[in-house]
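Residue numbers (our numbering): 257 to 477.
C-beta atoms are modelled at their ideal positions from N, C-alpha and C, and glycine is treated no differently.
Predicted model only: the values in this text are computed from it and were never measured.
Comments concern the structure below.
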């Protein structure tokens, strides 16, 4: 698959990204770049996931993708990966935003998942040129792109102090809808999500909790 380069001056550059503070001047993409302008929900969470988090990520991404909602995530281990997989199993669309050059597979165990995303009509996107390795700076920066490309951000699992919450901060700054999955109060992976709900994020226990936020746009589903 050939890499596509999109500068901020081009018509194909997503309008959602132009609206944020410090948008990438250039995007590098492989796959269906039309998805970058589609209605989408970001699904994010812990790398060190629980079985509850895994099953809920798979379930909700599948159900949302079945309703023609693009699933955006970061292709990381754990909840990100399962969110992409759920969307693919539904025959739906997914966007993976990575914190490295597109010639680098990270994590390495997601090589087949990357290939499947592209082969099934999804897209992998980065603001980093070829050869850029992932590090502690590139991941937080890419989180602003995950939230920017999305119409809402759905947090599946998050610890009290979690990188996932960096994405939420960007989403709030960008005026995005915030959704959170309630979890077991004894689980460290649910401390962050339960707190988000306490702070005003919409509690999601079924797909319609997300759909109803967007009026009649998905009423046919």
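Best match in the options for proximity to residue i [C-alpha to C-alpha]
i: residue 271; options: 471, 458, 405; result: 405
i: residue 496; options: 381, 290, 458, 305; result: Lying outside 257 to 477, the shown extent of the chain, residue 496 is not represented and no answer is given.
i: residue 416; options: 429, 392, 441, 408; result: 441
i: residue 337; options: 372, 357, 356; result: 372
i: residue 453; options: 433, 471, 464, 468; result: 433
i: residue 391; options: 354, 449, 411; result: 354
i: residue 381; options: 366, 363, 451, 356; result: 356
i: residue 462; options: 351, 443, 412; result: 412
i: residue 280; options: 301, 346, 262, 315; result: 262
i: residue 385; options: 330, 394, 445, 333; result: 394
i: residue 358; options: 429, 387, 324, 315; result: 387
i: residue 444; options: 266, 369, 302; result: 302
Residue i - DSSP class collapsed to helix/strand/coil
i: residue 414; result: coil
i: residue 259; result: coil
i: residue 308; result: helix
i: residue 382; result: strand
i: residue 475; result: Note that residue 475 scores a pLDDT of 48, beneath 50, so its modelled location is shaky; the value from the coordinates is reported in the next line. In the structure shown, residue 475 sits in coil (DSSP, three-state: anything other than H, G, I, E or B).
i: residue 353; result: strand
Whether residue i touches residue j by CB criterion (8 Å)
i: residue 343; j: residue 321; result: yes
i: residue 374; j: residue 286; result: yes
i: residue 290; j: residue 326; result: no
i: residue 251; j: residue 459; result: Limits of the chain in this structure are 257 at one end and 477 at the other, which puts residue 251 out of reach.
i: residue 378; j: residue 335; result: no
i: residue 308; j: residue 448; result: no
i: residue 408; j: residue 469; result: yes
Extent of the continuous beta strand (DSSP E) to which residue i belongs
i: residue 283; result: 282–287
i: residue 326; result: 326–329
i: residue 433; result: 433–436
i: residue 297; result: 296–300
CB contact check: residue i to chain C, cutoff 8 Å
i: residue 261; result: This model lacks chain C altogether; it includes just one protein chain.
Extent of the continuous alpha helix (DSSP H) to which residue i belongs
i: residue 395; result: 394–404
i: residue 341; result: 335–345
Closer than 7 Å: residue i CB and nearest the ligand MG heavy atom
i: residue 268; result: The ligand MG is not among the ligands present in this structure, which contains no ligands whatsoever.
Count the CB pairs spanning the segment 412–432 and the segment 289–296 that are closer than 8 Å, and state whether there are at least three.
With the cut-off at 8 Å, the segment 412–432 and the segment 289–296 do not touch.
Do the segment 271–289 and the segment 389–404 meet, that is, are 3 or more Cβ pairs less than 8 Å apart?
With the cut-off at 8 Å, the segment 271–289 and the segment 389–404 touch.
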